[in-house]
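For the record, the sequence lines run as chains W and U. Residues 1 to 245 (the numbering used here) make up the first sequence, in order. Residues 246 to 456 (the numbering used here) make up the second sequence, in order. We put the beta carbon where it would ideally sit given N, CA and C, even for glycine.
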Amino acid sequence: MSGIRDDASGAQAGEAQVHDAASLRVTGCHHCGTVWEDAPPDARCGVCHAPLHRRKTDSLNRTWALLIAACIMYIPANLMPVMITRTLFDEQRDTIMSGVVYFWTSGEWGLALVVFVASFLVPLFKLAALLILVVSARRHSRWQRLQRAKLYRVVEFIGRWSMLDVFVVSVLSGLVKIHGLADVQAGIGIAAFGSVVVLTMLASLSFDPRLIWDEAAPAPAPADPAAALPPSAMAQLSKKNEGMQ
Amino acid sequence: MHQRPDLIVCEECDAVYQRPLLGHCEVARCPRCQAELDRHTGGRLDRLLPLTVGAMILFVIANCFPIVSIELQGLSADTTLLGAVVALAGDGMSEVSLLVFATTLLFPAIQMLALFYLLLPTSRVTRPPGFVPLLRLMQAARPWGMIEVFMLGVLVALIKLSNMAEVIPGPALWSFGGLTVLLTVVVSFNPRYIWHLCDAATVAGHEERTS
Numbered sequence: 001m002s003g004i005r006d007d008a009s010g011a012q013a014g015e016a017q018v019h020d021a022a023s024l025r026v027t028g029c030h031h032c033g034t035v036w037e038d039a040p041p042d043a044r045c046g047v048c049h050a051p052l053h054r055r056k057t058d059s060l061n062r063t064w065a066l067l068i069a070a071c072i073m074y075i076p077a078n079l080m081p082v083m084i085t086r087t088l089f090d091e092q093r094d095t096i097m098s099g100v101v102y103f104w105t106s107g108e109w110g111l112a113l114v115v116f117v118a119s120f121l122v123p124l125f126k127l128a129a130l131l132i133l134v135v136s137a138r139r140h141s142r143w144q145r146l147q148r149a150k151l152y153r154v155v156e157f158i159g160r161w162s163m164l165d166v167f168v169v170s171v172l173s174g175l176v177k178i179h180g181l182a183d184v185q186a187g188i189g190i191a192a193f194g195s196v197v198v199l200t201m202l203a204s205l206s207f208d209p210r211l212i213w214d215e216a217a218p219a220p221a222p223a224d225p226a227a228a229l230p231p232s233a234m235a236q237l238s239k240k241n242e243g244m245q
Numbered sequence: 246m247h248q249r250p251d252l253i254v255c256e257e258c259d260a261v262y263q264r265p266l267l268g269h270c271e272v273a274r275c276p277r278c279q280a281e282l283d284r285h286t287g288g289r290l291d292r293l294l295p296l297t298v299g300a301m302i303l304f305v306i307a308n309c310f311p312i313v314s315i316e317l318q319g320l321s322a323d324t325t326l327l328g329a330v331v332a333l334a335g336d337g338m339s340e341v342s343l344l345v346f347a348t349t350l351l352f353p354a355i356q357m358l359a360l361f362y363l364l365l366p367t368s369r370v371t372r373p374p375g376f377v378p379l380l381r382l383m384q385a386a387r388p389w390g391m392i393e394v395f396m397l398g399v400l401v402a403l404i405k406l407s408n409m410a411e412v413i414p415g416p417a418l419w420s421f422g423g424l425t426v427l428l429t430v431v432v433s434f435n436p437r438y439i440w441h442l443c444d445a446a447t448v449a450g451h452e453e454r455t456s
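As structure tokens, this is what we get:
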């Protein structure tokens with residue numbers, strides 16, 4: 001039994017023989033990691049009471065919806081003013097890019113780069129990366145699976161940093177309220193920008209990275225999960241220094 | 246439905262492996278997608294409680310004092326984090342102010358309080374009441390606490406202002422700096438490993454009683 005399966009999966013991809021939890025009739029709890037065998041579809045984890053499911057519910061549809069909403073909001077986020085500065089003499093409306101240009105022309109190149117990366121490149125990168133992930137997962141693509149899994153981790157890690165501009169504007173508008181002399185107000189663009197950040201974070205949270213590895217047709221289930229695992233199915237162990245990580 | 250303590254499932258690609266026995270501070274990775282499967286937490290769990298208490302103290306200081314004050318032609322102004330939130334709401338940006346409030350005050354506070362409660366020494370023996378909902382709340386709040394991004398935002402705002410006004414850093418700025426470091430250490434600990442905190446304790450206690 002296991003010999004046949006090994007041949008089949010070995011011919012499939014040329015990667016190491018890996019057994020999918022679904023094909024072994026086991027489910028790992030997404031919250032606490034406890035492994036359950038023969039869990040019925042609407043079961044809850046006995047350790048943490050979270051609902052047990054094979055994949056996040058409706059993952060691709062939800063990610064699509066949030067992603068499209070984020071793409072729409074990305075336009076006003078970059079076109080509308082994020083900050084309105086009123087002084088005695090004039091009124092200045094800043095967009096995200098004009099803030100970057102201001103730093104660049106006043107010689108603060110490092111800062112211009114930080115703001116440019118956090119507020120412009122990171123959201124754009126996130127939208128593009130999520131698009132690639134959703135499209136390739138929907139097609140059950142075998143293309144660059146490991147790289148795509150890593151891409152998802154990068155998206156999850158950098159997502160929060162695009163909130164930078166929202167915080168800059170909120171600190172400035174809280175601080176610069178000197179009556180009659182100078183007054184900073186938040187513009188409508190920052191609301192759009194904040195919604196892009198929240199929507200892309202929700203999109204990456206609702207995407208299930210397991211879908212990257214799913215084959216189009218599931219393999220038949222063997223009798224006993226442990227017996228089907230070849231001796232080579234061992235986790236990689238590495239020693240880490242007990243530090244910050 | 247029954248539990249399989251001998252197996253481990255990769256969180257990111259759903260591959261199944263035999264659960265490895267980890268030595269001190271060893272990390273198990275999935276050979277297929279290289280995600281972390283399991284980790285021997287070593288002494289980190291014991292150090293987490295004092296770090297959390299430290300972070301809570303700094304959090305209170307950081308929110309009680311002004312972050313910065315500016316001086317412009319004899320007039321001065323200052324703000325706290327809460328002041329900035331209120332000012333945003335006053336500008337008609339109530340959604341943005343709610344977002345700032347949630348990411349810099351509410352979620353970090355939930356995280357620290359929950360962690361403090363869950364890591365109290367008594368929870369090694371039995372599960373404290375509310376263990377399950379609190380730990381799940383904490384796992385849900387984890388991506389949304391953004392103190393470190395806020396810290397960078399404050400610095401950018403300061404440099405922006407330093408061209409037109411005199412900027413005086415307040416005591417809260419330094420507390421935010423310390424808080425950023427402490428919270429980074431605290432948050433980098435995956436709360437998944439707390440789930441089996443008292444499993445291990447009960448098993449150890451049971452073994453002691455039977456021997």
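CA-to-CA distance, G287 of chain U to I253 of chain U, given in whole angstroms: Here the question's residue 253 of chain U lines up with position 8 in the second sequence. Here the question's residue 287 of chain U lines up with position 42 in the second sequence. In a straight line, the C-alpha of I253 of chain U is about 20 Å away from that of G287 of chain U.
Secondary structure, beta strand (DSSP E): runs of 3+ residues fully inside the stretch 316-380 of chain U: 320-324
Cα-Cα separation, A322 of chain U to V399 of chain U: The count along the second sequence starts at 1 and reaches residue 322 of chain U at position 77. The count along the second sequence starts at 1 and reaches residue 399 of chain U at position 154. Their backbone Cα atoms lie some 15 Å apart in a straight line.
Continuous beta strand (DSSP E) stretch holding R138 of chain W: start and end: Position 138 of the first sequence, counting from 1, holds the residue named residue 138 of chain W. It is not in any beta strand (DSSP E) - R138 of chain W instead sits in the alpha helix (DSSP H) that spans V122 to R138.
Boundaries (first-last residue) of the beta strand (DSSP E) holding L252 of chain U: Taking the first residue of the second sequence as 1, we reach residue 252 of chain U at position 7. L252 to V254 is the extent of the beta strand (DSSP E) around L252 of chain U.
Validate contact between the stretch 343-359 of chain U and the stretch 386-395 of chain U using beta carbons, cut 8 Å, 3 pairs: yes
Buried/exposed call for G3 of chain W, threshold 16 Cβ in 10 Å: Along the first sequence, one-based indexing puts residue 3 of chain W at 3. Bear in mind that a pLDDT of 35 at G3 of chain W, under 50, signals an unreliable position, so the number given afterwards is only what the model happens to contain. By the 10 Å Cβ count, G3 of chain W comes out exposed.
Residues near P414 of chain U in its chain [Cβ-Cβ closer than 7 Å; skip 5 each side]: Sequence index remark: in the second sequence, residue 414 of chain U carries index 169 (1-based). Answer for P414 of chain U: V313, listed in chain order.
Three CB pairs or more closer than 8 Å across the stretch 176-191 of chain W and the stretch 143-159 of chain W: no
Helix, strand or coil at Q263 of chain U [DSSP, three-state]: Here residue 263 of chain U refers to the residue found at position 18 when the second sequence is read from its first residue. Of the three classes helix, strand and coil, the one that applies to Q263 of chain U here is strand, per DSSP.
Contact the stretch 123-141 of chain W vs the stretch 191-205 of chain W: 3+ CB pairs below 8 Å: yes
Amino acids of chain U, ordered along the chain, whose beta-carbon sits closer than 7 Å to that of Q147 of chain W: Within the first sequence, numbered from 1, the residue matching residue 147 of chain W stands at position 147. What Q147 of chain W touches in chain U: nothing, since even the nearest Cβ is about 10 Å away.
Boundaries of the alpha helix (DSSP H) in which G189 of chain W is found, first to last residue: For the purposes of this step, residue 189 of chain W is identified with residue 189 of the first sequence, where counting begins at 1. Where G189 of chain W is concerned, the enclosing alpha helix (DSSP H) stretches over I188 to S206.
Top-ranked residue by Cα proximity to L317 of chain U, from W:D183, W:T200 and W:E91: As a working mapping, residue 317 of chain U is identified with position 72 in the second sequence. Comparing Cα positions, the closest option is W:D183.
Nearest candidate by alpha-carbon position, reference I68 of chain W, set W:H31, W:T87, W:D208 and W:S195: The residue you call residue 68 of chain W lines up with position 68 of the first sequence. Looking at the Cα atoms, W:S195 is the closest of the given residues.
Top-ranked residue by Cα proximity to V117 of chain W, from W:L146, W:S162, W:A149 and W:Q92: By one-based count along the first sequence, residue 117 of chain W stands at place 117. It is W:S162.
Whether F125 of chain W touches D165 of chain W by CB criterion (8 Å): Translated into positions along the first sequence, residue 125 of chain W becomes position 125. Translated into positions along the first sequence, residue 165 of chain W becomes position 165. No, these two residues do not count as a Cβ contact at 8 Å.
Residues that L418 of chain U contacts on chain W, provided the C-beta gap is smaller than 7 Å: As a working note, residue 418 of chain U is residue 173 in the second sequence. The contacting residues do not exist; L418 of chain U stays about 11 Å from chain W at best.
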